[in-house]
Amino acid sequence: MYQLDITLRRGQSLAARDRGGTSDPYVKFKIGGKEIFRSKIIYKNLNPVWEEKACILVDHLREPLYVKVFDYDFGLQDDFMGSAFLDLTQLELNSILYYRPMDVTLTLKDPHYPDHDLGVILLSVVLTPKEGEHKDVTMLMRKSWKRSSKEFSENEVVGSYFSVKSFFWRTCSRPAFPVLGFCRAELQSAYFQNAQFQTQSLRLSDVHRKSHLWRGIVSITLIEGRDLKAMDSNGLSDPYVKFRLGHQKYKSKIMPKTLNPQWREQFDFHLYEERGGIIDITAWDKDAGKRDDFIGRCQVDLSALSREQTHKLELQLEEGEGHLVLLVTLTASATVSISDLSVNSLEDQKEREEILKRYSPLRIFHNLKDVGFLQVKVIRAEGLMAADVTGKSDPFCVVELNNDRLLTHTVYKNLNPDWNKVFTFNIKDIHSVLEVTVYDEDRDRSADFLGKVAIPLLSIQNGEQKAYVLKNKQLTGPTKGVIYLEIDVIFNAVKASLRTLIPKEQKYIEEENRLSKQLLLRNFIRTKRCVMVLVNAAYYVNSCFDWDSPPRSLAAFVLFLFVVWNFELYMIPLVLLLLLTWNYFLIISGKDNRQRDTVVEDMLEDEEEEDDKDDKDSEKKGFINKIYAIQEVCISVQNILDEVASFGERIKNTFNWTVPFLSWLAIVALCMFTVILYFIPLRYIVLVWGINKFTKKLRCPYAIDNNELLDFLSRVPSDIQVVQYQELKPDPSHSPCKRKKNNLG
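In this text, residue positions in the sequence shown follow UniProt numbering: the first is 1, and each later residue adds one.
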């Protein structure tokens, strides 16, 4: 194991990639095809100065350090500015007691245009051993100390010194100790320095292991824009805003035809650096059928903001006109952790009691955003797909909960990897879905997908180790392999219910919408099925009016007279309550009339086949097929159909008890509405509702608009999501008992 300390100094004479003859460069470091560092962006500069440090642990020196430079283009693909390799085997190996930085100049090249001069990158590098040489040097020193009870002659001391010193003499610019004045006290001092250094190295290793964990959360509320630049011919704009913090991105909704948009959107970024970071903000004007117009940009330096305090910022847009108004809050975070299987929070009785106390019913109003605690044990996988030409894979696992994303280590050349890692998360929404994805690590390209499972938190059985069959990317069918997980969820039911009625957290790492003939057809069929329910109900009512069936029409006529004569407003939620109760008793009595939606499953399988075909043909079709303006219109229609169909399916699934927690919550709400409407006159209810709506902006000027009913329905899965979240039955051959029997046979 080696520690590689790199200081990214500066760049010189870099390539110009923007129209103004400048670039916005940033640098990536990769080892073994895996990104290990990304620098900040230096805007409009061909001679940027970074002075950023990175501490990296490497297992061996065979893999070179791959340095790539890009020009940052917000909203577009970043332009390549050159790359270079640093051969780690050629670096000076420093000692544990004394080391000096090595200045390195890397000449950037483009493999496609090797003759082009793309400038240079200046680094300062220090390579030190972490294990083997430490032990050898320490042993040599200990041999000297064992003799410390005897009288040392100066020659003995100097001889011991030279046996140690020979280890690192070649790496020092001067001797570590003056030879003639060397004494036992100085040798012992060097020993204690070495012991302290080893302790710090262990801490550095631990820090590096958790380097992809965030130190805090940046909560951002985009309030409004003021006096933005008019980009359209009508003197208005259709503005939206993009945010970027490192690799994290967020795009606001589009506000049509206004120069003073009111967004009222809230989202969170993870803060990975202790010193903060810089949020890049750009405003754009949406133009259908052509490239969006740039309105302006600004930045927020998080290192200048105090923590645990909300800051109202009015930011002037550079290279444009107008202001953006934001609320930014920095909070410390201990919401996630990674540890080995031996370190288990819930197996520690004291820690488990503290967690149970934190989410007990008595602490309902303490930190409403902290709903619960999730612990995920990623134990192992078996029978994975072979992604490499050698018939093996280099699998690693990604565990995601909303925007929280953690990774295991990579197990090289193995189809049955053992990870034995424990991940912990704080739950902000009990209706979230835990996603566990297995990838194959590749050196020269992005990781290959091996399989995925999606597990709703409310469907988890605590403390049970289960084998989950890995699914394809669309979560519609099985792929090769199973993954063994043990999951525990502890949450406060009251907090979870209250959080259900506020807007759902939006994921800022999501695939962009694409145009698909099969997807468009699927959404059309789903919407048609929802509409046909209403059409068939209308036909049924009309048949009662036509007396097609006299007994049915007579019964309907009597029911109509009874209901109209005795109707009260509280009967509306009462009828919905009775419908929910009726379906509940049908389910518990074993007369469940819910049918598996094979139509949706068939559509998803057809769509998956089309996706595979599209992936194979995409290289042949070229880029021209993606620039037609009609594509954007079709995507909008496709998404509208999906929203309409999902809305109808979510209502159906609420009454079908697809998610019992939500159905029980609906029963409680309907009971409350029934009682309120029964005892309180309607005009008082409307009066309270109107006063609340009119005074909401006066009481909370930066409150985010929401609709509690729509927020509730957004937590109910659609039919597509029900299919995606279904747990597949594992192959019996993956059972440990079965495997042992086969081996014995």
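C-beta: ideal position from N, C-alpha, C; glycine also. Keep in mind the model is a prediction, meaning the values are calculated, not measured.
Handout entry: Three-state secondary structure assigned by DSSP to Asn639
Key = helix
Problem - 8 Å Cβ cutoff met for Val69 and Ile36 - result: no
Handout entry: Euclidean distance between Cα positions of Pro48 and Arg10
Key = 6 Å
Practice task
Taking Asn45 as the reference, give the member of Tyr72, Pro129, Lys480 with the closest Cα.
Solution key: Tyr72
Practice task
Please work out which residues of its chain come closer than 8 Å, Cβ to Cβ, to Pro478, disregarding the five sequence neighbours upstream and downstream, and give them in chain order.
Solution key: Val469, Leu470, Lys471, Asn472, Leu728
Handout entry: Cβ-Cβ distance between Leu407 and Glu321 below 8 Å
Key = no
Problem - Closest by C-alpha distance to Lys517, when choosing among Tyr439, Leu330, Asn639 - result: Asn639
Problem - Exposure label - Arg62; buried when at least 16 CB within 10 Å - result: exposed
Handout entry: Close-in-space but distant-in-sequence residues of the same chain around Lys253 (CB under 8 Å, 5 per side omitted)
Key = Tyr240, Trp263, Glu265
Exercise for the section: Go to Tyr240, then tell me how far its beta strand (DSSP E) extends in each direction, as first and last residue. Expected result: 239-245
Exercise for the section: Would you check if there are 3 or more beta carbon pairs closer than 8 Å linking the stretch 653-660 to the stretch 710-719? Expected result: yes
Handout entry: Within 8 Å, strictly: CB atoms of Leu415 and Lys452
Key = no
Problem - Three CB pairs or more closer than 8 Å across the stretch 489-501 and the stretch 358-378 - result: yes
Practice task
Note down the Cα distance separating Phe365 from Ile572, rounded to an integer number of angstroms.
Solution key: 32 Å
Practice task
Taking only the alpha-carbon atoms, compute the straight-line gap between Gly481 and Pro25 and give it to the nearest angstrom.
Solution key: 42 Å
Problem - Bridge partner(s) assigned by DSSP for Trp284 - result: Tyr240, Phe294
Practice task
Would you mind working out which of Gly277, Leu326, Lys109 sits nearest Leu245, comparing C-alpha positions?
Solution key: Gly277
Handout entry: Pro478: first and last residue of the uninterrupted beta strand (DSSP E) it sits in
Key = 478-491
Problem - C-beta contact flag for Phe29 and Ala54 at 8 Å - result: yes
Exercise for the section: Quick one: grab the DSSP three-state call for Asp348. Expected result: coil
Handout entry: Spatial distance of Gly20 from Ile483 (CA atoms)
Key = 52 Å
Handout entry: Straight-line Cα distance separating Leu521 from Thr527
Key = 10 Å
Handout entry: Bridge partner(s) assigned by DSSP for Asp440
Key = Pro395, Asp448
Exercise for the section: Examine the Cβ distances between the stretch 667-674 and the stretch 551-564 and report whether three or more of them are shorter than 8 Å. Expected result: no
Practice task
Please list, in chain order, all residues of the same chain as residue 757 whose beta carbon is under 6 Å from its beta carbon, the five residues on each side excluded.
Solution key: One cannot answer for residue 757 here, as it falls past the ends of the chain, which runs 1 to 745.
Handout entry: Span separating the alpha-carbon of Phe585 from that of Asn536
Key = 26 Å
Practice task
Output yes if chain B places a C-beta closer than 8 Å to the C-beta of Leu561; else output no.
Solution key: Here chain B cannot be found, since the structure has a single protein chain.
Exercise for the section: Measuring alpha carbon to alpha carbon, tell me which of Ala283, Val668, Leu577 ends up nearest Leu317. Expected result: Ala283
Exercise for the section: State the Cα-Cα distance for the pair Lys257 and Gly235, rounded to the nearest angstrom. Expected result: 9 Å
Handout entry: Member of Leu578, Lys428, Val399 whose CA lies at the smallest distance from the CA of Val436
Key = Val399
Practice task
Quickly, what does DSSP pair Cys225 with across the bridge? List them, please.
Solution key: A small fix is needed here, since residue 225 is Gly in this sequence, not Cys. According to DSSP, which records beta bridges pairwise, Gly225 is partnered with Leu324.
Handout entry: Same chain only: Cβ atoms within 6 Å of Glu649, ignoring 5 sequence neighbours per side
Key = Ser718, Asp719
Handout entry: Residues sharing a beta bridge with Phe712, DSSP
Key = DSSP output for Phe712 lists no bridge partner at all.
Problem - Whole-angstrom distance between Thr500 and Tyr113, CA atom to CA atom - result: 55 Å
Handout entry: Cβ neighbours of Thr7 in the same chain (closer than 6 Å, five flanking residues each side left out)
Key = Lys53, Ser124
Handout entry: Whole-angstrom C-beta distance between Pro456 and Asp711, which should lie under 8 Å
Key = Asp711 to Pro456, Cβ: 17 Å. No contact.
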